[in-house]
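If you count the sequence shown from 1, you need to add 4 to reach the working numbering.
No residue lacks a Cβ here, since even glycine has one placed at the ideal position from N, Cα and C.
Since the model is a prediction, treat every value here as computed from it, not as a measurement.
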Amino acid sequence: MDGQNSNADHKTQEPRRKMTSKFYRTLTQWNDQQPNQQELLPRSLQGLSSKSINLLKNLIQLPVQPDPFPKTRRAAVMVGLFASRHGHLNVLLTRRSKTMRTYAGETALPGGKMEPQDLSLEETARREAHEECGITLNRHKVRKLTTLAPFLSRGNLIVTPVVFFIADQTLMPRLNAKEVDVLFSHPLENFLTGNDRSISPFVIHFH
Numbered sequence: 005m006d007g008q009n010s011n012a013d014h015k016t017q018e019p020r021r022k023m024t025s026k027f028y029r030t031l032t033q034w035n036d037q038q039p040n041q042q043e044l045l046p047r048s049l050q051g052l053s054s055k056s057i058n059l060l061k062n063l064i065q066l067p068v069q070p071d072p073f074p075k076t077r078r079a080a081v082m083v084g085l086f087a088s089r090h091g092h093l094n095v096l097l098t099r100r101s102k103t104m105r106t107y108a109g110e111t112a113l114p115g116g117k118m119e120p121q122d123l124s125l126e127e128t129a130r131r132e133a134h135e136e137c138g139i140t141l142n143r144h145k146v147r148k149l150t151t152l153a154p155f156l157s158r159g160n161l162i163v164t165p166v167v168f169f170i171a172d173q174t175l176m177p178r179l180n181a182k183e184v185d186v187l188f189s190h191p192l193e194n195f196l197t198g199n200d201r202s203i204s205p206f207v208i209h210f211h
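In structure tokens form, the structure reads like this:
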């Protein structure tokens with residue numbers, strides 16, 4: 005990162021995505037007070053509860069977050085949301101391999117340091133999730149929703165969470181055993197409310 009040229013300045017700025025596809029247009033126009041709204045949804049959003057769709061709508065409409073941090077020592081994590089079988093939103097989480105030099109055995113979001121080839125922090129989050137868990141790089145199957153405010157990690161990295169919706173329910177993860185032991189999920193609502201008592205994660209073990 006330290007050796008990057010001045011072009012790095014624009015890499016950490018995430019411009020608002022043009023909402024031109026049916027996925028984004030439908031979310032922007034969603035109104036659960038209107039009849040037959042579910043019938044207008046693209047297939048990737050069908051089955052989600054109205055509460056979940058409203059949450060996705062709020063996420064894509066968040067204003068761009070200020071990023072006053074230096075352009076070095078940057079990292080990004082993927083906040084990967086997907087539809088549960090009950091119509092709620094779940095968050096993908098990993099348990100880091102016990103052989104990792106840092107945060108071994110800890111629960112984490114997929115992510116890592118920004119590399120010189122990454123054109124943006126969104127690309128960093130996508131690349132790291134692909135390398136760690138096999139999450140596809142296809143932007144139609146994994147839709148960016150928003151970028152949250154960056155924060156300083158324990159390792160003095162400036163970490164930017166990038167929120168995505170995993171639209172393709174047929175995706176099969178492929179875990180990198182050197183980095184990840186387990187991929188599982190928690191209901192997003194439990195993070196928002198602080199209620200963890202109902203969590204029953206679905207766990208995928210690497211063999």
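Classify residue i as helix, strand or coil using the three-state DSSP reduction.
i	result
threonine 170	In the sequence under discussion, the amino acid at residue 170 is isoleucine, which differs from the threonine named in the question. Of the three classes helix, strand and coil, the one that applies to isoleucine 170 here is strand, per DSSP.
alanine 153	coil
phenylalanine 73	coil
arginine 99	strand
serine 189	strand
asparagine 62	helix
leucine 161	coil
arginine 147	strand
threonine 140	coil
alanine 108	coil
Am I right that residue i and residue j are in contact with their C-beta atoms under 8 Å? What's the rounded C-beta distance?
i	j	result
lysine 102	alanine 108	5 Å
proline 114	methionine 82	5 Å
leucine 217	phenylalanine 195	Absent from the model: residue 217. The displayed extent of the chain is 5 to 211, so no value can be given.
threonine 140	leucine 175	6 Å
Express the C-alpha separation of residue j and residue i in angstroms, rounding to a whole number.
i	j	result
valine 186	glutamate 135	14 Å
alanine 80	valine 166	7 Å
histidine 190	proline 72	31 Å
arginine 178	glutamate 126	21 Å
leucine 63	arginine 105	34 Å
lysine 26	arginine 130	22 Å
glutamate 193	leucine 93	8 Å
proline 67	proline 74	21 Å
leucine 49	glycine 138	22 Å
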